[in-house]
Amino acid sequence: MPTGPEVIVVGGGIIGASVAWHLVRGGARVTIVEGGETGGLATPRSWAWINASWGHPEDYVRLRMQSMEDWRRLDGIVPGLEVDWCGGLVWDLADDELRAFVAERQAQGYDIRLVDGAEAAALEPALARPPALAAHSPAEGAIEPLEATRSILDDAERRGATLAVGQPVDRLLTTGGDVVGVQLADGSKIGADRVVLAAGTATVQLAAQVGADVPVDDPAGLLVSTEAVPPLLNGLVVGPGLELRQLRDGRLLGSGHYAGSDPGTDPDAVAADLLQAIRNGVKGGDSLRMHSYTIGHRPVPRDGLPIVGSVAPGLHVAVTHSGVTLAPVIGRTVAEEILRGRRDPIIAPFGPERFAT
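Residues in the sequence shown are numbered from 1 upward in steps of one, following full-length UniProt numbering.
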């Protein structure tokens with residue numbers, strides 16, 4: 001059993017799961033506290049694309065590339081974890097912008113190249129209107145986010161972590177300015193040497209209790225899934241106004257935007273429009289029927305970049321958009337800082353101190 005410092009991880013989504021797993025693997029005594037169900041709120045409602053095709057500046061791109069490598073490491077260690085390294089086909093930019101984007105990523109060492117219409121059609125024969133020019137990265141992948149989170153949490157428990165589900169954190173416990181644990185909504189208290197807030201948008205209110213400003217917005221994003229169909233897509237496709245991938249159970253999962261379509265004031269209408277876009281996007285799409293749609297509130301830091309690091313004595317935060325892509329590198333670097341006192345240079349640009357006034 002672990003014999004290291006006692007750490008409470010608040011949040012049972014993909015970020016919290018990764019932080020907890022890396023901590024317990026490093027010898028910490030870990031308790032994961034999730035106020036709702038396993039997976040949290042944002043993780044199960046993610047399109048779950050693992051990529052470095054999105055984002056700027058260069059430090060952030062390199063962080064995403066490193067996390068893709070870390071996903072491959074986890075994929076070979078965590079029992080039951082399945083990452084579908086299916087590749088991604090992207091053409092949501094004008095041709096000149098797409099060429100510049102691919103050249104930039106190639107210079108950064110990313111596995112990506114331009115493909116013409118014939119090759120795009122060969123890669124994804126089911127596309128109704130293959131693009132004349134696209135970028136293809138065979139290194140990209142996707143997960144079933146809730147299943148992956150459960151696999152990581154299950155392995156953390158096997159290694160000695162404790163998981164408390166349905167236990168909302170009411171407040172942080174402090175002694176002399178140091179965070180020393182949490183109090184749950186039922187009044188029970190858990191002590192710790194360190195607390196990590198990986199609770200998505202709930203991180204904001206909890207951190208504020210000790211005077212820490214963690215500027216995070218929570219825009220809503222809508223995803224549509226169709227009824228299951230036979231194998232149709234080979235990988236992830238990202239075109240103007242539509243992102244689409246096929247889940248393991250055969251359903252197609254679509255979004256109108258990387259962060260999910262804005263549900264607005266009439267989510268039923270938005271979902272219907274998105275379903276029509278999915279139908280228009282693939283051959284034989286008229287027969288597709290909606291299975292369901294989901295609305296999730298994503299944690300999006302003010303500047304769009306991760307917020308990871310210490311905000312008060314005894315308290316770490318780990319909150320970001322693109323949690324599925326970034327979970328492994330965030331978990332690894334947070335654990336390394338807590339257990340060894342070393343802040344990995346790859347995460348250093350994304351500390352909360354950048355928001356200090």
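All C-beta atoms, glycine included, are put in the ideal place defined by N, C-alpha and C.
Among 118, 349, 353, 356, which one has its Cα closest to the Cα of residue 56?
-> In the sequence shown, the residue the question calls residue 56 occupies position 56. Out of 118, 349, 353, 356, 349 has the C-alpha closest to the C-alpha of residue 56.
Check whether the stretch 240-252 touches the stretch 279-297, taking contact to mean three or more Cβ pairs, one atom from each stretch, closer than 8 Å.
-> yes
Whole alpha helix (DSSP H) elements within the stretch 129-192, 4-residue minimum = 145-158
Alpha-carbon spacing of residue 2 relative to residue 160, whole angstroms = Against the sequence shown, residue 2 aligns to sequence position 2. Against the sequence shown, residue 160 aligns to sequence position 160. Cα to Cα, residue 2 sits roughly 6 Å from residue 160.
Who are the Cβ neighbours of residue 38 in its own chain at under 7 Å, not counting the five residues just before and after it?
-> By 1-based counting over the sequence shown, the position of residue 38 is 38. Contacts found: 12, 149, 150, 153, 165.
Kindly indicate if chain B contains any beta-carbon less than 7 Å away from that of residue 176.
-> Among the protein chains of the structure shown there is no chain B, as only one such chain exists.
Range of the contiguous alpha helix (DSSP H) that encloses residue 16 = For the purposes of this step, residue 16 is taken as the residue at position 16 of the sequence shown. First-last of the alpha helix (DSSP H) with residue 16: 14-25.
Does DSSP put residue 265 in a helix, a strand or coil?
-> Looking up residue 265 in the sequence shown gives position 265. If DSSP states are grouped into helix, strand and coil, residue 265 belongs with coil.
Let me know if residue 205 comes out buried or exposed under the rule of 16 or more other beta-carbons within 10 Å of its beta-carbon.
-> On the sequence shown, position 205 is the one that residue 205 refers to. By the neighbour-count rule (16 or more Cβ atoms within 10 Å), residue 205 is not buried but exposed.
To the nearest angstrom, report how far apart residue 334 and residue 189 are at their CA atoms.
-> In the sequence shown, the residue the question calls residue 334 occupies position 334. In the sequence shown, the residue the question calls residue 189 occupies position 189. Using only the alpha carbons, I get a separation of about 24 Å.
Residue 330 - containing alpha helix (DSSP H), residue span = Counting from 1 along the sequence shown, the entry for residue 330 is found at position 330. First-last of the alpha helix (DSSP H) with residue 330: 323-340.
Could you have a look at residue 235 and say whether DSSP puts it in helix, strand or coil?
-> Locating residue 235 in the sequence shown gives position 235, where the first residue counts as 1. Coil at residue 235, not helix or strand.
How would you label residue 77, buried or exposed, when you count the other beta carbons within 10 angstroms and need 16 or more for buried?
-> Working through the sequence shown from its first residue, we reach residue 77 at position 77. Burial call: exposed.
Output the distance between the C-alpha atoms of residue 359 and residue 103, rounded to the nearest integer angstrom.
-> Past the edges of the chain, shown from 1 to 357, lies residue 359, and the structure says nothing about it.
Give the secondary structure of residue 72 by DSSP, where H, G and I count as helix, E and B as strand, and everything else as coil.
-> Working through the sequence shown from its first residue, we reach residue 72 at position 72. Correct three-state label for residue 72: helix.
Grouping DSSP H, G and I as helix and E and B as strand, with all else coil, what is residue 201?
-> Position 201 of the sequence shown holds residue 201. Here residue 201 sits in coil by DSSP.
Leaving out the 5 sequence neighbours to the left and right, which residues in its chain are closer than 7 Å to residue 233 when beta-carbon positions are compared?
-> One-based indexing of the sequence shown puts residue 233 at position 233. Excluding sequence neighbours, residue 233 sits near 124, 126, 244, 245, 246.
Contact between the stretch 168-183 and the stretch 105-125 (3+ Cβ pairs under 8 Å) | no
Residue 314, DSSP secondary structure in three states = Position 314 of the sequence shown, counted from the start, is the residue given in the question as residue 314. Here residue 314 sits in coil by DSSP.
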